[in-house]
Amino acid sequence: MKIALNVKRFDPEAGNETRNQQYAIDLPEHSTVLDALIHVREYVDATLALRCSCRSAICGSCAMRVDKQACLACKTKITDIVKEEGQEILVEPMGNMPVIKDLVTDMEVHWSKVRQVTPWLRPTGPEPEREYLVSNDAMMDVAGAMNCIHCGACVSDCPVLEIDKSFIAPAALAKAYRFAGDPRDGTHKERLQMLSETQGGIWDCTRCNMCVEVCPKDVRPMDLIMQLRDKAVAAGVAGGTGKRHGDAFSSSVRRLGRLDEMRLLPESVGIFNAPRLLGELRGAFRMMRVGKLPWKHALPLVSKPIPGIKHVRRLFDQARREEKETKE
Amino acid sequence: MAVFQHDVLVIGAGLAGMRAALAAQGEGANVGMISKVHPVRSHSNAAQGGINAALDAGDSWEEHAFDTIKGSDYLADQDSVEVLCQEAGSELIALENMGVIFNRDEAGRLGTRMFGGASKARTYFVGDITGQAILHVMYEQLMKAEGAGQTPMRIYEEWLVTSLISDGDRCLGATLLDILTGEIHAVLAKGTIIATGGFGRVYEPSTNALICTGDGMSQAWRIGAPLMDMEMVQHHPTTLKGSGVLITEGARGEGAYLLNSEGDRFMEKYAPNAMELASRDVVSRAEQTEINEGRGIDGCVLLDMRHLPEKLIQERLWQIRELGIDLAGVDVVKEPIPIQPGCHYAMGGIKTDVHGATVVPGLYAAGEVACVSVHGGNRLGANSLLDTVIFGRRSGIAATTTGRDMDVPPLPDGVIENEKQRLQELFDRPQNSDRIAQIRWDLGVSMDKNVAVFRDADGLQEQQEEIKKLKERYASVPVEDKGKVFNTDLIFALELGYLLDCAEAIVIGAIGRTESRGAQFRLDYPERNDEEWLKHILLTYTPEGIRTDYTPVTITQWAPKERTY
Ligand SMILES: Cc1cc2nc3c(=O)[nH]c(=O)nc-3n(C[C@H](O)[C@H](O)[C@H](O)COP(=O)(O)OP(=O)(O)OC[C@H]3O[C@@H](n4cnc5c(N)ncnc54)[C@H](O)[C@@H]3O)c2cc1C
Ligand code: FES
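Chain order of the listed sequences is C and Z.
Be aware that the first sequence starts at 626, since it is given in our numbering, and climbs by one per residue.
Be aware that the second sequence starts at 435, since it is given in our numbering, and climbs by one per residue.
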């Protein structure tokens with residue numbers, strides 16, 4: 626089939642400009658975007674730079690943006706993208722990282738965050754004589770997180786990281802879950818405390834679901850971050866920002882039927898925590914600029930409850946009653 | 435242009451390389467580890483099925499050793515196999531204790547699955563991502579060592595070793611290309627360990643990643659280290675048509691059938707007891723015979739998992755289910771998947787002893803690049819990961835201890851300049867109509883035609899001629915990308931040179947061995963011939979040409995017997 630590629634190119638030796646280059650090639654129907662790029666590199670334009678190795682979605686080399694969304698080029702079929710003949714496929718490097726050349730990015734952003742979560746098992750207590758005895762279910766639970774191949778797709782497309790460079794970001798937080806959920810690790814509490822209290826930790830995820838959508842290995846980073854939050858609350862280490870964030874979240878929804886982003890922040894970090902609040906302000910302004918914080922909600926006076934708020938409150942009351950009953 | 439120095443230099447950051455680096459660091463060595471890709475991108479991550487060890491009460495290292503030796507068609511050196519199998523249990527436990535996730539049984543102990551050629555279920559695994567699980571933990575251990583302030587280790591990430599440095603006798607280190615800047619540098623070390631993996635891309639198609647280009651074998655060969663058993667190239671029975679992507683043997687381990695076009699489980703004819711779980715060479719030959727005799731489907735036979743519970747597939751074979759859907763458009767839960775034999779693994783490689791030492795002083799090798807030999811004529815599934823960690827660790831320790839009282843050698847004059855000139859020459863060649871990729875493709879396809887599952891004198895001769903022509907074409911094809919930063923065209927050009935060396939050695943070995951044993955099946959010599967061929971073929975590169983020597987197989991307690999499954 627005829628394939629039209631439009632590749633965003635950058636050559637550091639030729640200046641700071643990026644440019645788009647079109648390639649028209651012919652490949653079998655079942656080809657992947659990676660097949661197409663390799664064909665270009667091998668038979669059309671040897672200067673095109675990209676990383677790839679396994680061709681089977683396991684080495685994590687070939688993440689890039691195809692039609693504005695991060696993916697593994699080797700797992701993305703041409704026919705997944707091209708819906709009508711002649712449709713161009715836009716190929717760009719990943720976002721949230723510096724570009725080295727063409728589709729090759731510097732992934733140190735990601736690895737520095739991985740190092741931040743103490744990414745190795747820390748058993749405490751005596752060494753077992755043989756293996757640690759743990760249930761298969763517990764191992765399969767963390768195996769889901771370990772399925773991550775560090776391709777960087779979720780890092781590329783994470784909107785929180787875009788405005789807050791300190792955010793540990795989905796992949797490294799998934800890596801954190803892999804240890805915080807591993808029964809062999811003896812330092813769950815320290816881990817959860819760090820993840821809860823550190824700048825850019827688990828409470829900074831906005832649950833936009835982007836990482837879940839782009840992850841090629843079904844790691845579901847956001848779900849793991851939510852589970853880390855639950856674990857932190859259960860371990861009693863979410864007292865600071867985290868717990869308050871949850872409380873502010875639900876009180877806002879109960880009051881207005883929606884999130885009052887402007888009050889969420891001060892209520893989460895503590896109304897008297899001036900340094901942290903000031904620090905967050907920059908992010909808040911940036912969020913406002915990109916439309917993530919609707920300005921009219923910034924004025925508490927305009928914060929009106931949604932129509933039908935009483936149904937929302939009824940749900941809340943019902944949930945509270947049931948919680949109380951199960952406790953009793 | 436810089437000159438770096440280390441006690442121990444490890445080339446390669448797959449399982450063998452990282453295990454070697456950690457062991458050397460543990461011994462107090464200042465280590466430099468070089469990899470042309472980020473360590474977790476190394477090809478070890480593709481290992482799906484598992485890692486072998488005789489750990490359970492009902493099993494023994496002797497049984498593991500016997501299965502391995504029988505699997506090797508009695509070409510493995512039995513003293514080396516003993517080391518492999520004796521140390522397997524403690525190494526596996528060490529991996530688990532470091533943090534590797536493994537599937538468990540009901541009691542919470544490590545769970546096993548059956549694998550080909552094994553008399554007991556002794557393959558430990560996590561789903562079908564075992565290689566990734568171990569490789570990532572190995573990388574975690576490197577980060578941990580860094581965090582704990584151990585002797586520092588420098589990782590040269592995305593640096594490519596272009597050649598080894600020799601003073602005519604010892605190996606002194608390597609010249610390397612910083613892929614990011616295009617600059618050439620040198621590293622000097624008291625001991626250099628090659629852990630650069632296999633040469634699978636010699637064939638097209640192949641299960642191997644695009645980076646598996648036999649670099650280390652060629653480089654060591656060029657400074658005088660002999661290559662051994664190069665003709666022994668494993669063709670895996672279940673690879674996808676076209677791309678050659680692997681479907682793990684674990685699928686058959688969990689109970690999948692092989693069917694021909696008539697719907698028969700044809701393994702009944704070839705291996706009535708072990709059926710689908712006979713040794714890989716046996717199963718691949720059976721498949722090829724079915725295909726050749728007209729009972730295939732479009733050059734393939736079928737792997738059938740429809741009778742396996744979906745839950746089992748989801749829990750133990752999730753990756754291949756996805757690969758089937760993504761790459762072949764087949765959901766293995768619902769339909770059989772077409773597969774064929776495809777190039778998979780190099781049993782041969784740089785000859786070493788059980789400490790990873792090669793014939794060249796200062797040079798060690800471990801992992802798929804090495805030939806100890808524990809796999810002989812045919813490797814058992816799940817023995818390779820074991821090989822990487824056992825002999826990786828051993829070579830890390832040996833290189834450190836042997837170098838302890840030495841000084842880092844000086845850099846001989848002109849080494850960097852000469853290497854720069856060699857690369858510059860690739861750029862300076864006049865444009866012609868040939869392409870690096872075209873030569874690589876022609877090599878792969880011709881090797882697949884002439885030196886695959888079945889071989890004979892005519893085909894091998896033809897291939898030898900072909901390689902000669904390919905080498906001539908290679909000598910005049912230019913590197914088209916003239917840039918310095920991340921020049922992948924240059925990398926491919928260098929890799930093609932390594933591939934051609936490996937191919938040449940494979941063909942010489944295959945021509946030389948006039949018998950059928952393991953992966954080498956000669957239609958013109960269909961029998962195993964213990965009288966003449968219970969020996970390894972050693973090929974040495976000399977300025978005058980390639981020299982062939984022989985060395986007998988070491989037999990300890992298992993006398994060669996007829997091999998049936
Ligand atoms: C698809 C597949 C599935 C497999 N499944 C199993 C299994 O289930 N069980 C099993 O036991 N075995 C399995 N194997 C075999 C096994 O995975 C490999 O043999 C083993 O992982 C090789 O490890 P290694 O450390 O020797 O090399 P690799 O992991 O290939 O690492 C090589 C390293 O060398 C580096 N390198 C290479 N050349 C250069 C250079 N010129 N300069 C710098 N660096 C360089 C690379 O960057 C890389 O870091 C499988 C193989 C394949 C292909
Ligand atoms: S090439 Fe390895 S993930 Fe795509």
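For glycine and all other residues, C-beta sits at the position ideal for the given N, C-alpha and C.
Secondary structure within the stretch 736-816 of chain C: the alpha helix (DSSP H) runs of 4 or more consecutive residues, fully enclosed, are 761-771, 778-782, 784-788 and 795-805 (chain order). Residue contact with chain Z for Ala778(C): absent (no Cβ-Cβ distance below 7 Å to any residue of chain Z).
Assignment of beta-bridge partners to Thr730(C) by DSSP yields Val724(C).
Just so you know, the alpha carbons of Ser781(C) and Glu929(Z) end up roughly 31 Å apart. Residue state for Ala659(Z) is assigned as coil, using DSSP reduced to three classes. Beta bridge pairing from DSSP links Pro986(Z) with Lys969(Z). In the DSSP assignment, Tyr691(Z) falls within the unbroken beta strand (DSSP E) covering Tyr691 to Leu693. Relative to Trp752(Z), the option among Cys779(C), Leu673(C), Gln818(C) and Gly769(C) whose CA is nearest is Gly769(C). Bounds of the beta strand (DSSP E) holding Gln646(C) are Thr643 to Asp651.
In the structure shown, Thr641(Z) adopts coil according to DSSP, grouped into three states. Taken through DSSP and simplified to helix, strand or coil, Met701(Z) comes out as helix. The C-alpha of Gly545(Z) lies about 6 Å from the C-alpha of Asn537(Z).
Judged by DSSP in its simplified three-state form, Ala480(Z) adopts helix.
According to the DSSP assignment, Asn884(Z) belongs to the alpha helix (DSSP H) that extends over Ile870 to Asn884.
Ranked by Cα distance from Gly632(Z), the options Glu802(Z), Leu661(Z), Lys916(Z) and Ala541(Z) are led by Glu802(Z). Neighbourhood of Thr704(C) in chain Z, by CB distance below 9 Å: empty, with the nearest CB roughly 10 Å away. Annotation for Ala541(Z) indicates a beta carbon at 6 Å or more from all heavy atoms of ligand 1.
The continuous stretches of beta strand (DSSP E) do not include Gly952(Z), and DSSP gives it neither H nor E. Contact annotation for Asn537(Z) against chain C: Asn761, Met764, Met765 and Ala768 [CB-CB distance below 9 Å, chain order].
By the neighbour-count criterion, in which 16 or more other beta carbons inside 10 Å mark a residue as buried, Ala639(C) falls on the exposed side.
Here Pro637(C) carries a helix assignment [DSSP, helix/strand/coil]. Thr557(Z) has a beta carbon lying at 7 Å or more from every beta carbon in chain C. Rounded to whole angstroms, the Cβ separation of Ala791(Z) and Ala832(Z) is 6 Å, and the two are in contact under 8 Å. Bounds of the alpha helix (DSSP H) holding Ile663(C) are Val658 to His664. About 13 Å separates the beta carbons of Tyr691(Z) and Glu721(Z), which is beyond the 8 Å limit, so they are not a contact pair. With distances taken between CA atoms, Asn761(C) lies nearest to Ala541(Z) out of Gly565(Z), Ala541(Z) and Tyr932(Z). Short note on Cys679(C): C-beta closer than 6 Å to some heavy atom of ligand 2. In the displayed model, Thr922(Z) falls within a helix according to three-state DSSP.
Remark: C-beta atoms of Arg951(Z) and Asp511(Z) do not approach each other more closely than 7 Å. Per the Cβ contact rule, the stretch 735-755 of chain C is in contact with the stretch 812-828 of chain C (3 or more Cβ pairs under 8 Å). Here the alpha carbons of Cys677(C) and Leu644(Z) stand approximately 8 Å from one another. Looking from the CA of Thr948(Z), the closest CA among Arg889(Z), Lys918(Z), His741(Z) and Ile771(Z) belongs to Arg889(Z). The three-state reading of DSSP puts Phe861(Z) in helix, counting H, G and I together. With respect to chain Z, the C-beta atom of Val716(C) has no partner C-beta closer than 7 Å. Per DSSP, His778(Z) is not a residue of any alpha helix (DSSP H); the beta strand (DSSP E) it occupies stretches across Ile771 to Ala780.
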